[in-house]
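Please read the structure below before turning to the comments.
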Amino acid sequence: AQSVAQPEDQVNVAEGNPLTVKCTYSVSGNPYLFWYVQYPNRGLQFLLKYITGDNLVKGSYGFEAEFNKSQTSFHLKKPSALVSDSALYFCAVRAPRSGYALNFGKGTSLLVTP
Amino acid sequence: SAVISQKPSRDICQRGTSLTIQCQVDSQVTMMFWYRQQPGQSLTLIATANQGSEATYESGFVIDKFPISRPNLTFSTLTVSNMSPEDSSIYLCSVGDYEQFFGPGTRLTVL
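Going line by line, the protein sequences match chains A and B. This note's numbering puts the first residue of the first sequence at 13, with every later residue one more than the last. This note's numbering puts the first residue of the second sequence at 49, with every later residue one more than the last.
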């Protein structure tokens, strides 16, 4: 069975500071990993994915994530947070040959204060 | 990326009734999924709907409660049957394989 864990319910960051939203995964084989963002009363928006290749993945809105196989982690990062980044962030995983449906983490609420 | 629309965007329903949610995609897609997001919770997969075959339901979800249609490659419906307050959730459809794109969701409140 595949799963992801987001250990933090909420992350608070001051605008301009770097942000990290943590995600660890458990999957048999090489994982396919994803980050999505959900703004209030909006659907999920795709940020980035890791399938294979470089461990550092760059995505939308200046976000990036680093795949770390030894630590089974896929933390989301941004060098300089914006107030508009405040939203709910979901990490998701799909195991190869398991179908295309995603298993989502419980979500981390990011609050960026001015 | 695909553009996905859902109807209705929100609804308030009485217990015991049924609601059909529509998902329309602007391009032909093979894989389509229905998820549920209960208040304050993460997304849970209800079923996978491929055109030309019966939907595949996840554990805890049954066809009698959540019948799904997939008549063509751009459209699907999810019906929430015999609703109870526990069915109050956001229901989202998504499409894609390596990248999944989500519709805006249908916010359902059952009284």
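Beta carbons: idealized from backbone N, C-alpha and C, even for Gly. All figures in this text were calculated on a predicted structure; none of them were measured in a lab.
Just to confirm, are S137/B and T125/B a CB contact at a threshold of 9 Å? Taking the second sequence and counting its residues from 1, one reaches residue 137/B at position 89. Taking the second sequence and counting its residues from 1, one reaches residue 125/B at position 77. Cβ atoms of S137/B and T125/B: not closer than 9 Å.
How is P119/B classed by DSSP in three states: helix, strand or coil? Here residue 119/B refers to the residue found at position 71 of the second sequence. In this structure, P119/B counts as strand in the three-state DSSP scheme.
Below 8 Å on the Cβ atoms is my contact criterion, and I expect A99/A with L31/A to pass it. Report the Cβ-Cβ distance as a whole number of Å. As a working mapping, residue 99/A is identified with position 87 in the first sequence. As a working mapping, residue 31/A is identified with position 19 in the first sequence. The pair is not a contact, with the Cβ atoms about 12 Å apart (cut-off 8 Å).
The stretch 77-85 of chain A in contact with the stretch 34-48 of chain A per 3-pair CB rule at 8 Å: yes
Kindly identify the DSSP beta-bridge partner or partners of M79/B. As a first step, residue 79/B must be located in the second sequence, where it is residue number 31. Note: M79/B sits in a beta bridge opposite N98/B.
Taking the alpha-carbon positions, what's the S90/B to P52/A distance? Taking the first residue of the second sequence as position 1, residue 90/B is located at position 42. Taking the first residue of the first sequence as position 1, residue 52/A is located at position 40. Taking the straight line joining both Cα atoms gives about 14 Å.
Output, in chain order, the set of chain B residues within a Cβ distance shorter than 7 Å of K70/A. Numbered from 1 along the first sequence, position 58 holds the residue referred to as residue 70/A. In chain order: nothing, as chain B lies at least about 15 Å away.
So the beta strand (DSSP E) I60/B belongs to, where does it begin and stop? Walking along the second sequence from the start, residue 60/B turns up at place 12. For I60/B, the enclosing beta strand (DSSP E) has its first and last residue at 58-61.
Quick one: residues in its chain with C-beta nearer than 6 Å to the C-beta of K55/B, no 5 flanking neighbours on either side, listed in chain order? Position 7 of the second sequence, counting from 1, holds the residue named residue 55/B. Excluding sequence neighbours, K55/B sits near Q70.
If you measure beta-carbon to beta-carbon, which residues of the stretch 13-47 of chain A are closer than 8 Å to chain D? Among the protein chains in the structure shown, which are A and B, there is no chain D.
Taking Cβ positions, are Q18/A and Y73/A nearer each other than 9 Å? The sequence position of residue 18/A within the first sequence is 6, counting from 1. The sequence position of residue 73/A within the first sequence is 61, counting from 1. Contact flag unset, no.
Interface residues of chain A facing D145/B [CB-CB closer than 8 Å]: Taking the second sequence and counting its residues from 1, the one referred to as residue 145/B is at position 97. The answer, in chain order, is Y112.
Short Cβ contact (9 Å threshold) for E20/A with T125/A: Counting from 1 along the first sequence, the entry for residue 20/A is found at position 8. Counting from 1 along the first sequence, the entry for residue 125/A is found at position 113. Contact: no.
Exposed or buried, S142/B, counting other C-beta atoms within 10 Å across all chains shown (16 or more means buried)? By 1-based counting over the second sequence, the position of residue 142/B is 94. It is buried - the Cβ of S142/B has at least 16 other Cβ atoms within 10 Å.
Starting from L94/A, follow the beta strand (DSSP E) in both directions and report where the run begins and ends. Mapped onto the first sequence, residue 94/A falls at position 82. No beta strand (DSSP E) holds L94/A; DSSP gives it neither H nor E.
Give the list of continuous beta strand (DSSP E) stretches no shorter than 3 residues that lie fully inside the stretch 23-111 of chain A. 31-33, 36-38, 44-50, 56-62, 68-70, 76-80, 85-90, 99-106
In chain A, which residues lie with their C-beta within 7 Å of the C-beta of G153/B? In the second sequence, counting from the first residue as 1, residue 153/B sits at position 105. The contacting residues are G55.
Residue from I52/B, S53/B, V51/B, R63/B with nearest C-alpha to L156/B: Looking up residue 156/B in the second sequence gives position 108. Taking only the C-alpha atoms, the option nearest L156/B is R63/B.
Looking only at C-alpha atoms, which of N67/A, Y48/A, D66/A sits nearest to F58/A? In the first sequence, the residue the question calls residue 58/A occupies position 46. Among N67/A, Y48/A, D66/A, the Cα nearest to that of F58/A is on Y48/A.
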